[in-house]
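>
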Amino acid sequence: MRGAASDTSGVRIFPPFIYAGLFVLGYAVHRFAPVRLWPDALPGAARAVAWGLVVIWAALGGSAVWLFRRAGTTPNPTKPTTAVVMHGPYRITRNPMYVGLVALYIALAIFLNSAWPLVLLPVVIVLVQRLVIAREEAYLEAKFGEEYRAYKARVRRWI
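Under our numbering, the letters of the sequence shown match residues 768 to 926, in that order.
#1: Would you say V802 and W883 are within 8 Å of each other, going by their C-beta atoms?
#2: Here's the rule: buried if 16 or more other CB atoms are within 10 angstroms of the residue's CB, otherwise exposed. What is E913?
#3: I need the boundaries of the alpha helix (DSSP H) containing A800, first residue and last residue.
#4: Where Y865 and T845 are concerned, what is the direct C-alpha to C-alpha distance, given to the nearest angstrom?
#5: Check this for me: beta carbons of T860 and A850, under 8 Å apart or not?
#6: Just curious, the alpha helix (DSSP H) that P889 is in, first and last residue?
#7: Check whether the Cβ atoms of I873 and L885 sit closer than 8 Å, and answer yes or no.
#8: Among all the DSSP beta bridges, which residues are the ones paired with T845?
#9: According to the Cβ coordinates, are L827 and P856 closer than 8 Å?
#10: Let me check one thing: in DSSP terms, what residues is T860 bridge-paired to?
#11: State buried or exposed for F799, treating a residue as buried only when at least 16 other CB atoms are found within 10 Å of its CB.
#12: Need the endpoints of the alpha helix (DSSP H) that I823 sits in, please.
#13: Quick one: give me the first and last residue of the alpha helix (DSSP H) that L907 is part of.
#14: Quick one: residues in its chain with C-beta nearer than 6 Å to the C-beta of G788, no 5 flanking neighbours on either side, listed in chain order?
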């Protein structure tokens with residue numbers, strides 16, 4: 768187990784910055800070489816889907832943060848974790864906050880009618896997986912041992 772001074776996952780980049788950074792890059796490319804999802808104004812159905820994704824983001828992120836606070840731990844991966852949350856959305860995915868951020872990312876691309884951020888979404892997912900989730904999982908496994916390994920065996924990483 769790690770000492771108290773190094774009792775963190777070792778995540779160096781705050782995860783929302785990965786999503787935001789690549790989204791901004793995709794939108795910047797769109798400004799110079801627009802590739803639209805729809806040729807005209809955003810269809811009503813697409814707008815409804817986008818709003819639905821915003822609701823999913825708010826529900827997943829809000830409930831996850833609330834559950835972390837209730838468990839007496841922090842959702843910030845750069846701080847020490849004191850508990851593993853395994854209920855609420857954590858019964859379906861080990862990473863509801865990251866799944867929620869994917870939903871928000873897609874919603875924003877739809878609202879802006881831009882394909883470029885969606886082209887970069889696989890890169891976002893790979894970066895989050897390698898730079899954040901892999902470190903978090905190694906940390907949680909080292910800190911919580913069999914309890915976390917059993918949780919990993921029953922709940923998928925993303926969905």
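We treat Cβ as the ideally placed atom computed from N, Cα and C, and that holds for glycine.
Quick look at the numbers:
#1: Yes, these two residues count as a Cβ contact at 8 Å.
#2: So E913 ends up on the exposed side.
#3: That residue, A800, is in no alpha helix (DSSP H); it is neither H nor E in DSSP.
#4: Roughly 15 Å between the two C-alpha positions.
#5: It is not a contact, given that the beta carbons lie outside the stated cut-off.
#6: That run of the alpha helix (DSSP H) goes W883 to V895.
#7: For I873 and L885, yes; Cβs fall inside 8 Å.
#8: Answer is none; T845 lacks a bridge partner.
#9: Yes, they are a contact pair.
#10: Looking at the DSSP assignment, T860 forms a beta bridge with R923.
#11: Residue environment for F799: exposed (fewer than 16 other C-beta atoms within 10 angstroms of its C-beta).
#12: Unbroken alpha helix (DSSP H) run through I823: G811 to R837.
#13: Counting along the chain, the alpha helix (DSSP H) containing L907 begins and ends at A901 to F911.
#14: Only residues of its own chain outside the window of five on either side were considered, and among them none has a CB closer than 6 Å to the CB of G788.
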